[in-house]
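Just add 244 to wherever you are in the sequence shown, counting from 1, and you've got our numbering.
Beta carbons: idealized from backbone N, C-alpha and C, even for Gly.
To keep things clear, I will list the structure first and then write my remarks on it.
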Amino acid sequence: MSFGPPNDPYGQPQNPQQGQPGYGYPQQGQPGYGQQAPQGVPPQGYGQPPQPGYPQQPGYPQQGYGYPQQGPQAFGYPGGPGPRVASMGRRLGARAIDAVAFAVIYVVLGVIGVAGSLSAANDCDPNAADYNTCINNAGSDIAAKFGAVIGVLAIVGLLYEWLMTGLVGGTLGKLAVGIRVVKADTGQKPGLGSSFIRWIIPIVGSLACGIGQLLVYLSPFWDKSGRQQGWHDKAASTMVIQN
């Protein structure tokens, strides 16, 4: 007589917990839930193994190798928010303020020079034999003073745009509307080298009847990087941001 359960030819009771693979039980040679895998054997658990790269920090999701940049530029701060790129309206307003300031300086110097030359012309005696010579000398004096005014303005413009941008981060017009020029990779002040490159490119463009200069100042509209960098900004590795 057999004492085992039906369909058991050996007469031994089946124990599902001893060496029998099945649902809910670990198979032979595999670590179970909560068990540690032998040394040198990678764990077999849920999910994917960790990816190489920087350690994940709270608030900065890890994607692949390293942290992704967020926004047009994060100034070396991994995963940090990018700066607020200055709008073209603000940049145009800053340029207009600077232009008005230079126009005022030009008019003041021009009036001073012309007033002195006209005074010299009025001193010429119409009845004198050298009247024409006196008038010609007065006219030459006016032209010379206008040339001096233009030269002074050119020097002032160079020092103003170059030094203010390199050392302060912007001209008076830019500071008035709340924008400044920074290095695109660090967010620091451009320095004299980058600011000179940024200044000289529009000046060279102005030699072509001003068309090149206009194209340089309009080139941020065609920038697809999200930073609205003009050709002069790209050459100098700078960008214009809002404070």
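Assigned exposure category for residue i - 16 Cβ within 10 Å defines buried
{"i": "Gly410", "result": "buried"}
{"i": "Thr377", "result": "exposed"}
{"i": "Ile485", "result": "buried"}
{"i": "Gly417", "result": "buried"}
{"i": "Ser438", "result": "buried"}
{"i": "Ile423", "result": "buried"}
{"i": "Ser384", "result": "exposed"}
{"i": "Val352", "result": "exposed"}
{"i": "Val421", "result": "buried"}
{"i": "Arg335", "result": "buried"}
Alpha-carbon spacing of residue i relative to residue j, whole angstroms
{"i": "Glu405", "j": "Asp467", "result": "23 Å"}
{"i": "Ala479", "j": "Gly337", "result": "23 Å"}
{"i": "Val400", "j": "Ile447", "result": "14 Å"}
{"i": "Asp429", "j": "Arg471", "result": "12 Å"}
{"i": "Val393", "j": "Gly326", "result": "43 Å"}
{"i": "Tyr461", "j": "Gly474", "result": "7 Å"}
{"i": "Gln306", "j": "Ile444", "result": "With a pLDDT of only 46 at Gln306, under the threshold of 50, the placement of this residue in the model should not be trusted; the figure read from the coordinates follows. The alpha-carbon atoms of Gln306 and Ile444 are separated by roughly 42 Å."}
{"i": "Gly431", "j": "Ile386", "result": "47 Å"}
{"i": "Ile341", "j": "Arg328", "result": "22 Å"}
{"i": "Gly414", "j": "Val348", "result": "20 Å"}
{"i": "Phe465", "j": "Met332", "result": "8 Å"}
{"i": "Met483", "j": "Gly395", "result": "30 Å"}
{"i": "Asn381", "j": "Gly449", "result": "36 Å"}
{"i": "Val358", "j": "Phe390", "result": "8 Å"}
{"i": "Val425", "j": "Phe346", "result": "20 Å"}
{"i": "Ala398", "j": "Leu458", "result": "18 Å"}
{"i": "Leu436", "j": "Arg442", "result": "10 Å"}
{"i": "Val412", "j": "Asp477", "result": "17 Å"}
{"i": "Ala330", "j": "Ser463", "result": "14 Å"}
{"i": "Ser481", "j": "Ile379", "result": "53 Å"}
{"i": "Gly354", "j": "Leu403", "result": "20 Å"}
{"i": "Leu407", "j": "Lys427", "result": "15 Å"}
{"i": "Gly456", "j": "Lys433", "result": "26 Å"}
{"i": "Ala372", "j": "Leu451", "result": "45 Å"}
{"i": "Arg339", "j": "Ala388", "result": "29 Å"}
{"i": "Ala343", "j": "Ser469", "result": "28 Å"}
{"i": "Leu419", "j": "Gly454", "result": "26 Å"}
{"i": "Asn487", "j": "Phe440", "result": "22 Å"}
Identity of the residues DSSP links to residue i by a beta bridge
{"i": "Met483", "result": "Val426"}
{"i": "Val329", "result": "Ile485"}
8 Å contact criterion, which residue i and residue j should meet: CB distance rounded
{"i": "Tyr375", "j": "Asp369", "result": "6 Å"}
Residue-level contact to chain C via CB, residue i, 7 Å cutoff
{"i": "His476", "result": "The structure shown has no chain C; it contains just one protein chain."}
Ignoring anything shorter than 4 residues or poking outside the stretch 348-416, list the alpha helix (DSSP H) runs there in chain order.
375-407
Which parts of the stretch 441-470 are runs of the alpha helix (DSSP H), unbroken and 4 residues or longer, counting only runs that do not cross its ends?
455-462
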